[in-house]
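Residue numbers (the numbering used here): 435 to 794.
Even for Gly, the Cβ is constructed at its ideal location relative to N, Cα and C.
Small disclaimer: the values here were computed from a predicted structure and weren't measured.
Written below as structure tokens is the structure these notes are about.
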């Protein structure tokens, strides 16, 4: 046990925990309310946004949210079929110039931001604001965040809620879902944007970092485009955006021979789970046609990401378009990641691109 949490580092136990409804989502709104009561203060905007954040929900509220998110994913798939994704990805790849590029801002971020902006009838700047606010909220995953953080996040949530107040274009999601929510729909939007955009951009960035270091793999994927989804799956396993998943035990359990009491915190170390040699032979090797069990890169169980297929499609389209036109290698300066033990979030990913020499 470390940091007052039980650490899970093998695939079998991780699958057991993620599939057991007794292991519930962390709910920082409960902690917030206890802190607010103790201090005699209110944090209404932060409380509202946390209540609307799907990964922090359980029970009937979570079920209603899943219906709305499912409807939104259907809307996205209808607007962005594979041909449309391919065309948008080609425009990004064709807009590059030979030399050094910063792949996060030039490639990984623009595609998901544009897709979410159009799907929600919001402008790209609003999508970025919602995303940045969502990123800031991840600080609440720490065991004991500083008291001052609550006031800062309440102000950030207020600004984000005001930015989308009165927007009605996404309101028909309720009707599309056939679901009623116990909270305002716009309080779901911050999660609906920040987590999927970050996850998709992180998946693309992680895949590009691996791919840039392996020209042989680039050639293989050009010759075998059908292997691209398998490569993206391997990149998600080895270099995906989620590094730890957190759960809280709702009732006592015996897991892998250990007695865990009610209320125990569990952290699933995905970097180690995804390299479990009992599940993945030669675990550090990228094997696009790997037949072993799937990874948990986008979660599993009741809190699995509902946008996994759409996020992976975006990654496949973008990497296909990039490899069609360019050869990529790492730049002299290394990637820069945020200092977050739970996430692999790229701030910068410098690459060098050169026009591909087509074989005759």
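For this session: For the alpha helix (DSSP H) holding residue 483, just list the boundary residues, first then last.
Result: What you label residue 483 is simply residue 49 of the chain shown in a count that begins at 1. Unbroken alpha helix (DSSP H) run through residue 483: 478-485.
For this session: Please list, in chain order, all residues of the same chain as residue 548 whose beta carbon is under 8 Å from its beta carbon, the five residues on each side excluded.
Result: Taking the first residue of the chain shown as position 1, residue 548 is located at position 114. Same-chain partners within the cutoff: 522 and 558.
Exercise. Do you know whose CA, among 727, 486, 704 and 701, lies nearest residue 713's CA?
Worked result: As a first step, residue 713 must be located in the chain shown, where it is residue number 279. Among 727, 486, 704 and 701, the Cα nearest to that of residue 713 is on 727.
Problem set entry | Distance CB(residue 428)-CB(residue 483) smaller than 7 Å | Given a span of 435 to 794 for the chain in the structure shown, any question on residue 428 remains unanswerable.
Problem set entry | Neighbourhood of residue 757 by C-beta, 7 Å cutoff - its chain only, sequence neighbours within 5 removed | Locating residue 757 in the chain shown gives position 323, counting from the first residue. Once the five neighbours on either side are set aside, the close Cβ partners of residue 757 are 652, 655 and 656.
Exercise. Could you give the residue range of the beta strand (DSSP E) that holds residue 700?
Worked result: Here the question's residue 700 lines up with position 266 in the chain shown. Residues 699-703.
Problem set entry | Straight-line Cα distance separating residue 607 from residue 508 | Position 74 of the chain shown, counted from the start, is the residue given in the question as residue 508. Position 173 of the chain shown, counted from the start, is the residue given in the question as residue 607. Approximately 10 Å between the Cα atoms of the pair.
Exercise. DSSP on residue 656, reduced to helix/strand/coil?
Worked result: Residue mapping note: residue 656 aligns to position 222 of the chain shown, counting from 1. Correct three-state label for residue 656: helix.
Exercise. Can you check whether the CB of residue 783 is closer than 7 Å to the CB of residue 538?
Worked result: Within the chain shown, numbered from 1, the residue matching residue 538 stands at position 104. Within the chain shown, numbered from 1, the residue matching residue 783 stands at position 349. In contact: residue 538 and residue 783 (Cβ atoms closer than 7 Å).
Exercise. Buried or exposed: which applies to residue 716, given that a residue is buried once 16 or more other Cβ atoms fall within 10 Å of its Cβ?
Worked result: Within the chain shown, residue 716 is the residue found at index 282, counting from 1. Result: exposed.
Problem set entry | Residue interval of the alpha helix (DSSP H) (run including residue 859) | Absent from the model: residue 859. The displayed extent of the chain is 435 to 794, so no value can be given.
Exercise. According to the neighbour-count rule (16 or more other Cβ atoms, all chains shown, within 10 Å of its Cβ), is residue 815 buried or exposed?
Worked result: Nothing about residue 815 can be read from this structure; the chain reaches only from 435 to 794.
For this session: Please name the residue or residues paired with residue 682 in a DSSP beta bridge.
Result: What you label residue 682 is simply residue 248 of the chain shown in a count that begins at 1. According to DSSP, residue 682 bridges with 458 and 699.
Exercise. In or out: residue 647 buried (at least 16 other Cβ within 10 Å) or exposed?
Worked result: As a first step, residue 647 is located in the chain shown; it is residue number 213 there, counting from the start. When all chains shown are included, residue 647 counts as exposed.
Problem set entry | Alpha-carbon to alpha-carbon, residue 787 and residue 436 | Here residue 436 refers to the residue found at position 2 of the chain shown. Here residue 787 refers to the residue found at position 353 of the chain shown. Bear in mind that the predicted position of residue 436 carries a pLDDT of just 41, short of 50, making it unreliable; the figure below should be weighed with that in mind. Between residue 436 and residue 787, the C-alpha separation is close to 42 Å.
Problem set entry | Best match in 732, 753 and 790 for proximity to residue 760 [C-alpha to C-alpha] | Along the chain shown, one-based indexing puts residue 760 at 326. Taking only the C-alpha atoms, the option nearest residue 760 is 790.
For this session: Tell me, to the nearest whole angstrom, how far the beta carbon of residue 703 is from that of residue 441; I am working on the premise that it is less than 8 Å.
Result: Position 269 of the chain shown holds residue 703. Position 7 of the chain shown holds residue 441. Yes, they are in contact, since the Cβ atoms of residue 703 and residue 441 sit about 6 Å apart, within 8 Å.
Exercise. Who are the near neighbours of residue 696 in its chain, counting only those whose CB is closer than 8 Å to its CB and skipping five residues on each side?
Worked result: Position 262 of the chain shown, counted from the start, is the residue given in the question as residue 696. If we look at residue 696 and ignore the five residues flanking it on each side, its Cβ neighbours are 683, 684, 685 and 686.
Exercise. Which class does residue 783 belong to by DSSP, given the choice of helix, strand or coil?
Worked result: Against the chain shown, residue 783 aligns to sequence position 349. Correct three-state label for residue 783: coil.
Problem set entry | Same chain, Cβ closer than 6 Å to residue 635, five either side skipped, listed in chain order | Here the question's residue 635 lines up with position 201 in the chain shown. Excluding positions up to five away in sequence, the list reads 542, 543 and 546.
Exercise. Is residue 663 helix, strand or coil when you go by DSSP?
Worked result: Sequence index remark: in the chain shown, residue 663 carries index 229 (1-based). Residue 663 falls in the helix class under three-state DSSP.
Exercise. Hey, would you say the C-beta of residue 660 is under 6 Å away from at least one heavy atom of the ligand SAH?
Worked result: Absence of the ligand SAH is noted for the structure shown, with no ligands found whatsoever.
Exercise. According to the Cβ coordinates, are residue 502 and residue 565 closer than 7 Å?
Worked result: As a position in the chain shown, residue 502 is number 68, starting the count at 1. As a position in the chain shown, residue 565 is number 131, starting the count at 1. Result no, Cβ atoms of residue 502 and residue 565 do not sit closer than 7 Å.
Problem set entry | C-alpha gap between residue 475 and residue 584, whole angstroms | Along the chain shown, read from residue 1 onward, the residue named residue 475 stands at position 41. Along the chain shown, read from residue 1 onward, the residue named residue 584 stands at position 150. Cα to Cα, the separation comes out at about 10 Å.
Exercise. Can you tell me whether DSSP reads residue 770 as helix, strand or coil?
Worked result: Position 336 of the chain shown, counting from 1, holds the residue named residue 770. In the structure shown, residue 770 sits in a strand (DSSP, three-state: E or B).
Problem set entry | Span separating the alpha-carbon of residue 794 from that of residue 528 | Taking the first residue of the chain shown as 1, we reach residue 794 at position 360. Taking the first residue of the chain shown as 1, we reach residue 528 at position 94. Since pLDDT at residue 794 reaches only 49, below the 50 mark, its modelled position is unreliable, and the value read off the structure follows with that caveat. Answer to the nearest angstrom: the Cα atoms are 22 Å apart.
For this session: Please confirm whether residue 677 and residue 777 have their CB atoms less than 7 Å apart.
Result: Sequence index remark: in the chain shown, residue 677 carries index 243 (1-based). Sequence index remark: in the chain shown, residue 777 carries index 343 (1-based). Yes, these two residues count as a Cβ contact at 7 Å.
Problem set entry | One or two residues paired with residue 534 in a DSSP bridge | Counted from its first residue, the chain shown places residue 534 at position 100. Answer is 786.
Exercise. Looking at the structure shown, is residue 501 part of a helix, part of a strand, or coil, going by DSSP?
Worked result: For this step, residue 501 is matched to residue 67 along the chain shown. Residue 501: helix per DSSP, three-state reduction.
For this session: Out of 467, 671, 556 and 718, state which residue places its alpha-carbon closest to the alpha-carbon of residue 733.
Result: Numbered from 1 along the chain shown, position 299 holds the residue referred to as residue 733. Measuring from the Cα of residue 733, the nearest candidate turns out to be 671.
Exercise. Who pairs with residue 694 in a beta bridge, going by DSSP?
Worked result: For the purposes of this step, residue 694 is taken as the residue at position 260 of the chain shown. Looking at the DSSP assignment, residue 694 forms a beta bridge with 687.
Exercise. Apart from the five residues just before and just after residue 581, which ones in its own chain have a Cβ nearer than 8 Å to its Cβ?
Worked result: Here residue 581 corresponds to residue number 147 of the chain shown, with the count starting at 1. So the list reads 469 and 473, once near-sequence residues are dropped.
For this session: Measure the beta-carbon distance from residue 638 to residue 450 and round it to whole angstroms, keeping in mind my assumption that it falls under 8 Å.
Result: Walking along the chain shown from the start, residue 638 turns up at place 204. Walking along the chain shown from the start, residue 450 turns up at place 16. Not really, about 31 Å apart at Cβ, beyond 8 Å.
For this session: Provide the residue(s) that pair with residue 761 in DSSP beta bridges, ordered along the chain.
Result: Within the chain shown, the letter at position 327 stands for residue 761. Bridge partners of residue 761: 788.
For this session: Quick one: grab the DSSP three-state call for residue 495.
Result: By one-based count along the chain shown, residue 495 stands at place 61. The answer is helix: DSSP assigns residue 495 an H, G or I state.
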